[in-house]
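Here the structure comes first, spelled out in structure tokens, and everything after it is commentary.
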Amino acid sequence: MTSIGDIVLSRVNLALSRHDPVQWSDNLQLALNLYTELTILEPRLPAYHQVITKTKQNRNAILHAKELFLAGVPLHTESIGELPLGRFLKVIFKNADEFFTGLPNDPTIVLHKWTPIFPRTRDCWLGVLFNTGELLVLGREYYKDSFRYRVKINMFEILVELYKIPFVDDKWYVSAKEFEHLKIKYFVFNMVEDVLHLAIVDIANRVSIFKWAQRDINKEGKENGGAFEFTLQLVKQYDFGKSILRIVWKENVFLIIGLDNSVTRCTSDFELKSILFPATRAQNQHNDILTVEGRQIIVSTFTSKVAVFDCDSNQKYEYDTGSWCATSSLNIGVCDNNVLKILISFEDGTLSTILFDLAKAKAGEGTGATATARQHWFSTMENDQSLQLFKERVLYKYEMASGEEENVAEGGNILIHNATCLTNDVVAVVYKVLPKNAVHYRIPSATFANLLFVKLDSAIGLPKNIQHTTSIAKIVKEYLSNYLAFPVVVDDISVAHVDRVRDFAEDIDEYVEEVLKNCSIPDPPLVQNNMNLQQSLSTLFIKNSNKVIETLQYQQTLTRLLLSALHKHNNESNPDVGPLFQKVKQKKQEIENRLRQCLINIVLESFVKAGNSVSTVDNYILLSMSKVSERATNIEVLLQLPEQIVLKVEGSSIAETFEIPRFGLEPFRDKMVYSTTNHGWATCDLTYLPILTMNNQVDELQQFRYIHPNDVSGELAVTLLNELDYCYISGNRKYDIR
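Start counting the sequence shown at 10; every next residue gets the next number (my numbering).
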């Protein structure tokens with residue numbers, strides 16, 4: 010049995026379950042909707058010796074989950090007032106068809122969702138819908154402030170441009186129909202062929218699908234500049250015949266849930282449409298889509314029942330859950346023999362695990378099985394032992410804490426806001442405990458909720474792993490799933506400190522040999538003849554066709570964590586730590602060198618095949634790469650580079666000249682490049698260009714620096730910075746310094 014400490018979410022009073030107040034991103038970012046505030050938890054690389062504590066050698070360690078996340082409030086009452094909201098207050102009806110609009114004065118959050126991970130940035134953006142009918146897509150902007158989000162997309166501006174709404178004297182003039190198409194009531198994101206798509210529903214029940222696109226905003230006269238901004242392009246629109254409550258879009262299945270709780274299945278182009286579940290009084294609450302051996306399965310929860318629909322056979326199956334409480338979350342896994350494991354959480358604190366045998370259902374198709382026979386294809390199993398103990402522990406802890414207070418109701422009730430499977434064996438539960446049979450009131454400063462990670466004894470069977478997650482998120486997942494594997498210094502005062510550190514060094518040496526045994530990468534793959542540089546970079550570093558690259562990026566971040574653990578004890582009092590510290594440091598350097606070499610080989614071979622480059626900046630990059638390349642012997646001859654390249658770089662208040670000879674003395678020393686005035690400058694870890702401006706970029710762990718795309722020219726530099734818009738060495742995100 011593992012022991013993971015709760016995270017207390019202070020000043021958190023979550024919205025109702027129908028607003029889906031708890032949203033997890035694929036990068037383990039947690040966003041909580043408080044109506045007037047938005048709280049976010051960001052995963053971080055923890056302080057090694059603080060995240061796990063162990064008091065005795067024969068006792069289980071305790072994981073302090075709060076050390077794995079950083080909490081902040083990017084949206085609150087004051088910051089919401091600074092957002093570009095309230096545009097409908099400036100909308101004027103130009104005809105006599107105006108209807109009652111009922112526009113709210115105080116914006117509140119009614120829905121929020123994370124985007125899937127952008128493959129080229131490893132980042133997720135956050136869509137936020139307000140009760141004003143306005144949708145904003147926000148994204149983190151700066152390295153130093155993890156919770157400073159900037160508006161990336163304003164859907165009101167996109168729709169105004171789409172419908173060609175006239176703007177005169179600071180007013181928009183619309184007809185009643187145009188007004189309905191501007192106001193949004195639901196949205197959802199989906200990734201289609203590595204391109205992000207956004208589907209919105211307006212109050213006229215029109216579904217509009219947009220796809221992400223980049224728009225060049227370079228200044229005129231700047232050759233091959235790299236500055237872009239994001240915009241949306243309309244892909245498809247569809248007018249639904251009745252009121253829409255919500256939509257679900259996953260893979261190539263599009264579900265429309267009506268206000269009458271009917272569920273309609275459509276293809277992404279809306280060419281085919283079929284009603285899966287007719288209108289019913291039972292409220293539709295959650296829906297999910299998964300693929301099992303090529304069969305698309307849809308699982309929906311209604312009031313007191315769960316329904317499964319097989320898209321291939323057009324068969325539906327229903328099961329009575331025995332509870333009339335609202336469901337707060339739905340998780341689906343696939344066990345052996347194609348058995349669906351459905352984990353449902355209810356608001357009253359109940360957790361239910363239901364099994365559905367797909368094999369029996371498929372065998373029974375066409376046999377005319379009765380409703381009673383179909384019920385036997387479902388079965389209820391006991392919840393995982395860890396989930397059973399969860400409720401007992403929480404209530405016992407609450408009773409012990411409240412027993413010492415006066416005038417406190419005896420006992421408590423658990424309210425589960427959400428229970429999400431983060432990995433195959435870890436469930437994140439957001440809950441709070443309310444006093445039983447009592448009126449409960451707390452001032453905002455005294456409200457709180459709890460986040461608990463429950464380690465399951467048996468895997469739930471998630472259908473697939475999420476791609477493109479950052480290395481930091483992977484390490485946090487490893488802590489949650491298998492934190493007992495991390496060596497720790499036992500906090501036992503009965504044992505001498507030197508002996509405890511020596512045992513720790515021995516354990517961590519074995520751990521290093523185990524987790525870094527595959528740190529060697531095969532020869533970097535050659536560029537295929539039918540691929541250009543952009544396609545080669547995308548294949549290897551974006552689509553991760555070579556899993557070794559992804560593994561090395563994870564190991565680079567892991568060695569950074571292990572070095573921080575060893576650094577504290579690397580002194581004369583602990584002679585066993587010094588050699589181990591140097592060993593891990595050397596492995597970290599080897600991993601970084603192999604990743605750099607892989608990138609350099611792709612770039613150099615691409616330009617050998619393509620011919621000479623005409624840009625001075627590109628020639629500078631190629632010659633710099635050849636200088637640091639392990640294969641520099643013949644590559645310069647193949648590239649036919651000039652005898653010497655002179656590059657002039659201008660910063661905000663300084664200009665420098667850099668000279669790189671094809672042969673002879675190199676200007677690179679101590680990871681810096683020196684100008685003709687013998688001034689040393691840091692270089693970009695991707696393009697090797699000198700960085701003279703303060704507005705550059707850095708990765709999340711502040712290990713590597715990158716030149717800003719707005720400050721470069723040249724085809725090669727632009728291709729590298731736009732294609733690899735994340736830290737290709739550590740596998741983490743990168744942001745502007747300021």
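Just so you know, even glycine gets a beta-carbon here, dropped at the ideal spot from N, CA and C.
Counting along the chain, no beta strand (DSSP E) covers A372; the unbroken alpha helix (DSSP H) around it starts and ends at L367 to A372. Inside the region 325-365, DSSP marks whole beta strand (DSSP E) runs of 3 or more residues at positions 336-344 and 348-355, from first to last along the chain. In chain order, L656, L698, V721, S722, G723, L725 and A726 place their CB closer than 8 Å to the CB of V626, counting only its own chain and leaving out the 5 sequence neighbours on each side. DSSP places F198 inside the beta strand (DSSP E), whose first and last residues are I193 to V201. Shortest Cα-Cα distance from V658 to any of L489, V682 and Y737 involves V682. In the assembly as shown, Q598 is an exposed residue. Its beta-carbon has fewer than 16 other beta-carbons within 10 Å. In the DSSP assignment, T48 falls within the beta strand (DSSP E) that extends over L47 to P52.
With respect to the 7 Å criterion, R131 and T566 are not classified as neighbours on the basis of their beta carbons. DSSP places P453 within a helical segment (H, G or I) once states are collapsed to three. In the three-state DSSP reduction, E668 falls in the strand class (E or B). CA-CA distance, S271 to G250, rounds to 12 Å. Scanning its chain for C-beta atoms nearer than 6 Å, with the 5 sequence neighbours on each side dropped, one finds around G142 the residues K192 and I193, in chain order. With fewer than 16 other beta carbons inside 10 angstroms of its own, V204 counts as exposed. I89: member of the alpha helix (DSSP H) spanning T86 to G90, first to last residue. In terms of Cβ geometry, V244 and I209 do not form a close pair [threshold 7 Å]. For the beta strand (DSSP E) assignment, the uninterrupted runs of no fewer than 3 residues enclosed by the region 82-170 are, from N- to C-terminal side, 100-102, 118-123, 135-139, 144-149 and 158-163. If you look at Q66, you'll find it isn't in any beta strand (DSSP E); DSSP assigns it neither H nor E. Inter-segment contact for the region 99-118 and the region 703-720 is absent: fewer than three beta-carbon pairs are separated by less than 8 Å. G81 and N42 have their C-alpha atoms roughly 13 Å apart. DSSP, read as helix, strand or coil, puts T560 in helix. Around the CB of S454, fewer than 16 other CB atoms lie within 10 Å, so the residue is classed as exposed. Distance from the CA of E87 to the CA of L98, rounded to the nearest whole angstrom, comes to 19 Å.
Residue state for F249 is assigned as coil, using DSSP reduced to three classes.
Burial check for D694: the Cβ neighbour count within 10 Å reaches 16 or more, so the residue is buried. Close CB contacts of A291 within its chain, under the 8 Å cut and outside five residues either way in sequence, are with N270, F311, T312, S313 and K314 (chain order). With respect to the 7 Å criterion, V100 and V183 are classified as neighbours on the basis of their beta carbons.
The residue among R53, Q32, S19 and E189 with its C-alpha nearest the C-alpha of A428 is Q32.
Ranking P52, T45 and R27 by CA distance to the CA of L39 puts P52 first.
S217 sits in a strand when the DSSP states are folded into three classes.
For F109, the number of other beta carbons within 10 angstroms of its own is below 16, and it is reported as exposed. Residue ranges of uninterrupted beta strand (DSSP E) with 3 or more members, entirely inside the region 451-519 and ordered along the chain, are 457-464.
When the Cα atoms are used, T124 and T45 turn out to be separated by approximately 21 Å.
Beta-bridge analysis with DSSP links D297 to V308.
Here H688 carries a coil assignment [DSSP, helix/strand/coil].
In the DSSP assignment, N628 falls outside any beta strand (DSSP E) and lies within the alpha helix (DSSP H) extending over T625 to V637.
E401: member of the alpha helix (DSSP H) spanning Q394 to S411, first to last residue.
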